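Structure record follows, encoded as structure tokens.
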Amino acid sequence: VKDYPSDRVDLRSDTVTQPTPPMREAMAAAAVGDDVLGDDPTVIELQRRVARMLGKEAALFVPSGTMSNAVAIKTQTRPGDEIVTHCKSHIYMYEAGGYAVLAGCSISLVEGYRGLMSPNDVQMAIRKVAGSDSHYPECTLICVENTANVGGGSIYDQDTLDAICEVAHSNDCRAHLDGARLFNAVVSSGVDAARMVRDFDTIS
Numbered sequence: 092v093k094d095y096p097s098d099r100v101d102l103r104s105d106t107v108t109q110p111t112p113p114m115r116e117a118m119a120a121a122a123v124g125d126d127v128l129g130d131d132p133t134v135i136e137l138q139r140r141v142a143r144m145l146g147k148e149a150a151l152f153v154p155s156g157t158m159s160n161a162v163a164i165k166t167q168t169r170p171g172d173e174i175v176t177h178c179k180s181h182i183y184m185y186e187a188g189g190y191a192v193l194a195g196c197s198i199s200l201v202e203g204y205r206g207l208m209s210p211n212d213v214q215m216a217i218r219k220v221a222g223s224d225s226h227y228p229e230c231t232l233i234c235v236e237n238t239a240n241v242g243g244g245s246i247y248d249q250d251t252l253d254a255i256c257e258v259a260h261s262n263d264c265r266a267h268l269d270g271a272r273l274f275n276a277v278v279s280s281g282v283d284a285a286r287m288v289r290d291f292d293t294i295s
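Residue numbers (our numbering): 92 to 295.
If you want it as structure tokens, here you go:
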């Protein structure tokens with residue numbers, strides 16, 4: 092662990108941040124209950140608030156972004172299916188092969204400038220289409236990361252997001268957004284969060 096001078100801000104990762112005293116006080120004073128039994132008012136309100144912010148039916152709080160991606164992939168695929176994502180995406184590079192280990196999926200990778208995929212590239216990555224080789228796996232999920240972390244924080248424009256979702260749905264696939272930095276994209280683009288994710292089936 093590196094010792095940083097007190098006058099410097101450690102930007103290695105958001106995971107190195109520490110809660111302030113008021114944050115700790117808020118946690119200690121929070122109303123709690125058994126979440127499994129639906130008795131935790133704080134978690135229930137958080138889930139409702141996020142669902143409203145994103146214009147979705149419901150939300151589920153889980154311990155990590157990696158787990159939320161794993162849940163989204165597992166619930167929208169079957170073992171032997173294939174997912175499509177960028178070759179520098181967090182799902183592919185930094186989630187311990189969860190798509191394979193937990194969901195039993197193979198992966199079709201898209202190359203694209205600074206972590207971004209084009210709708211045409213996504214279409215070309217869907218290997219099993221009408222008239223194609225029957226040996227190809229069934230593609231059932233397209234995964235987009237916005238902003239693109241390894242791409243230096245690249246942001247998709249709204250038309251491209253809409254077009255990728257259209258490609259997904261026209262090929263009988265679902266569309267998942269890895270939104271670990273969704274609100275960075277919202278602030279930078281000025282697009283409302285609910286509008287940005289409107290056509291995605293799941294968001295993490």
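A virtual CB, placed ideally from N, CA and C, is assigned to each residue, including glycine. Remember, it's a predicted structure, so these values are computed and weren't measured experimentally.
Here A161 is buried: its Cβ has 16 or more other Cβ atoms, across all protein chains shown, within 10 Å. Relative to the Cα of S279, the nearest Cα in the group E257, Y247, I294 belongs to Y247.
About 6 Å separates the beta carbons of A285 and L145, which is inside the 8 Å limit, making them a contact pair.
Going by C-alpha positions, D253 is about 24 Å away from Y190.
Excluding sequence positions up to five before and after Q214, its CB lies within less than 8 Å of the CB of V258, N262, all in the same chain and listed in chain order. Three or more beta-carbon pairs drawn from the stretch 227-242 and the stretch 177-184 are found closer than 8 Å, and the two stretches are therefore classed as touching. DSSP places V213 inside the alpha helix (DSSP H), whose first and last residues are 210-216. Counting along the chain, T251 sits inside no beta strand (DSSP E); it lies in the alpha helix (DSSP H) bounded by residues 249-261. Selection C264, G244, A216, V235 evaluated against T251 yields V235 as nearest (Cα-Cα). The beta carbon of S245 lies closer than 7 Å to those of R205, G206, L207, T238, A239 in the same chain, with the five residues before and after it left out. The beta carbons of E229 and E148 sit about 26 Å from each other, so the pair does not count as a contact at 8 Å. In the three-state reduction of the DSSP assignment, L232 falls in the strand class, which pools E and B. Shown here for A142: same chain residues with a beta carbon closer than 7 Å to its own, the five before and five after excluded, namely E148, A149, A150 in chain order. In the structure shown, the three-state DSSP call for T166 is helix.
Minimum Cα-Cα distance from Y227 among the listed residues S197, G203, S209 corresponds to S197. Looking at the backbone, the Cα of V134 and that of M158 are separated by about 17 Å.
Contact annotation: A271 and G188 have beta-carbon atoms that are not nearer than 7 Å. The Cβ atoms of C256 and D212 lie no closer than 7 Å to each other. If one requires a minimum length of 3 residues, the beta strand (DSSP E) runs lying completely within the stretch 149-203 are 173-177, 197-201, in chain order.
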